[in-house]
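Below is one structure, written out as structure tokens; the observations come after it.
Numbering (the numbering used here), first residue to last: 911 to 1016.
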């Protein structure tokens, strides 16, 4: 696994903050636009650095609900293969949150 340069990941972080701000202001159009930009940046990073659990998990964070579970499981597999235990835990936390959300719906 090639380590993602801080400069490149800062772009992801900045867009994530912009998405959160737009969402908190209930500006769905801006949030959707920033999310689309984020996905393009993540694809650029994947082309530059290769497949990475960090990138896949971030895509899952912003994916449509029906795709999230599959993406998180793929990111978990990648994190285990990379030996990236910190990211494994973050992904497991995201999966637990999804399970918790599903339980409260029933």
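Every residue, glycine too, gets a C-beta built ideally from N, C-alpha and C. Just so it is clear, the structure is predicted and the values come from calculations on it, not from any experiment.
Could you check which residue in the options has the C-alpha nearest to that of residue i?
i: residue 999; options: 912, 986, 935; result: 986
i: residue 967; options: 976, 931, 1002, 942; result: 1002
i: residue 962; options: 991, 924, 932; result: 991
If you draw a straight line from the C-alpha of residue i to the C-alpha of residue j, how long is it?
i: residue 972; j: residue 1009; result: 17 Å
i: residue 937; j: residue 974; result: 18 Å
i: residue 964; j: residue 1012; result: 24 Å
i: residue 1005; j: residue 979; result: 7 Å
i: residue 917; j: residue 959; result: 13 Å
i: residue 934; j: residue 940; result: 11 Å
i: residue 984; j: residue 977; result: 11 Å
i: residue 947; j: residue 925; result: 8 Å
i: residue 944; j: residue 919; result: 15 Å
i: residue 914; j: residue 1014; result: 36 Å
i: residue 981; j: residue 949; result: 14 Å
Let's see if you can read the secondary structure: which residues bound the alpha helix (DSSP H) around residue i?
i: residue 984; result: 975-992
i: residue 924; result: 916-934
i: residue 964; result: 963-972
i: residue 942; result: 938-959
With a threshold of 8 Å between beta carbons, is residue i in contact with chain D?
i: residue 1001; result: The displayed structure is made up of one protein chain only, and chain D is not part of it.
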